[in-house]
Amino acid sequence: MARSAVVMVTRGAGDLVDRALRSAKPFVDEMVVLHLRAPPHAADTWRRIGARVVPGEWSSHAADCRNAALAAADADWNLVLEAEEWLASGVDSLRLFTERAEECVGLVEIHRAVGGAHEADHPRHLAPRLLPRGVWFEGARHEEPVFDLPVEPTGVVLRSDDVETARWRADHALREAVVLQALAMRPGDPGLLLDLADELRVSGRFAESSTHYTTALLATPRTDARRHAVVVGALEAYTKAGRITEAVALLHAEAQQWHHSPDLAFLAGDLFFEMLLSTPLPGPDLAGLVEASWRRCLELGERPDLAGAVHGRGSFLAAQNLGVLHLVLGLGDQADAWSDLAGAMRLGVPSVPGPLG
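Whatever position you read off the sequence shown (first residue = 1), add 194 for my numbering.
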């Protein structure tokens, strides 16, 4: 009989984790919580509920924590939960799905509460959360499970509280403080400069992050594997901070070295799209550059081996952006086709017909 597990990563959120574990306990064989310096009393509570609590170390590479939790589980199927989520319905479907013989990835429906909105208005989406043994996460900042398997709906429904903005900000403030402290001891360290710039960018402080990316670009040799992460981070920050001239100059300087990078092509498309939207009566060449850049992403495919790569830029995110571009250009049918392709790519549907000709 196949074994199933709930797998979680948390830095605290004791009451929320308690709720998540209690909701799933009767329906799985194992519960694993990877805690990143959670308070001892919280870890003791999780053990009393029945979870195996595993100590972990925080990593700036988000997928590392997810994979450490998965590695700690000994199950044929792993249901990945966030701290603010709980198993709401579909437990019979969960049992049936995990007893099936064929290997696939299970899609779980997530109902996410937003502010005081009525339940009927809460956003819902499908996500690949029920993973067979051997499926791992990739991605430094935006981790996603990576697999070459069919996907199937499970009938499992998770509910989720609204993400607490204050807690999110506190987490990033803590990370920023840790990096600044390390930089005080090792000024000019390329890796720390990149970490600081990344934290500021993820927090939406693009003007500040672009300044630190400039410093990181100067400190990181062109032969350093982290150079790619610095370049794509800087290109995104420059564009979002409105430093268009610097973004264009950086793209020109780095395009040859990173001609194989879907991330660079994706962000080049973002840059040209920003120029398209902000230029009065732009010529057709600008729209052509946007389309060519995002099509190039699809030609290259995903490159998780490149430092700073974001999963999706070589597939569904590029197709999604092409849909937006064609919508802006007034080409509704093509926009719909690209949108359909993006959805199919996100779910891993093979051999999907689309507007790639």
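Think of the CB as a built atom: it goes at the ideal place given N, C-alpha and C, for glycine as much as any other residue.
In this structure, M225 sits away from A232, with a CB-CB distance that is not shorter than 8 angstroms. In this structure, the straight-line span from the alpha carbon of A486 to that of L521 is close to 16 angstroms. Taking the CA atoms as reference points, G250 sits about 12 angstroms from A265. Between A423 and A501, the beta carbon gap of about 4 angstroms places them in contact (Cβ cut-off 8 angstroms).
In this structure the stretch 232-249 does not touch the stretch 292-299; the number of beta carbon pairs closer than 8 angstroms is below three. Between the alpha carbons of A447 and L458 lies a gap of roughly 12 angstroms. Residue state for G427 is assigned as helix, using DSSP reduced to three classes. With 16 or more other CB atoms across the displayed protein chains lying within 10 angstroms of its CB, S509 is buried. Note that the C-beta distance between A263 and A214 is not below 8 angstroms.
Between the C-alpha atoms of H255 and V201 there is a straight-line separation of about 18 angstroms.
Closest in alpha carbon position to F460, among A513, A435, P415 and D418, is A513.
Taking 8 angstroms as the cut-off, the beta carbon of A441 is found no closer than this to the beta carbon of E332. The beta carbon of C491 lies closer than 7 angstroms to those of P456, A459, F460, R507, G508 and A512 in the same chain, with the five residues before and after it left out. In the three-state reduction of the DSSP assignment, S283 falls in the strand class, which pools E and B. For the 8 angstroms CB-CB criterion, W271 and L320 do not form a contact. Going by C-alpha positions, A196 is about 21 angstroms away from V351.
The beta carbons of H454 and L494 sit closer together than 8 angstroms. Considering only D499, S403 and V211, the residue with the shortest C-alpha distance to L281 is V211. Assignment of beta-bridge partners to T204 by DSSP yields H229. Following the DSSP letters along the chain, one finds G300 inside the beta strand (DSSP E) bounded by residues V299 to R306. Between the alpha carbons of D530 and G517 lies a gap of roughly 7 angstroms. Boundaries of the beta strand (DSSP E) around T348: V345 to S354. Per the DSSP secondary-structure output, E224 pairs in a beta bridge with A199. Judged by beta-carbon spacing, V222 lies beyond the 8 angstroms limit of A245, meaning their Cβ atoms are not closer than that value. For L444, the enclosing alpha helix (DSSP H) has its first and last residue at I438 to E448. Looking only at R205, P347, L523 and S403, the smallest Cα-Cα distance to E370 is reached by S403.
Closest in alpha carbon position to A428, among L465, T417 and Q450, is L465.
Looking at the backbone, the Cα of V372 and that of C259 are separated by about 18 angstroms. In this structure, L386 keeps its C-beta atom at 8 angstroms or more from the C-beta atom of A401.
Comparing alpha carbon positions, the residue from D209, G328, L288 and L275 closest to H305 is L275.
Closest option to Q451, judged by alpha-carbon separation, among R241, Y432 and R421: R421.
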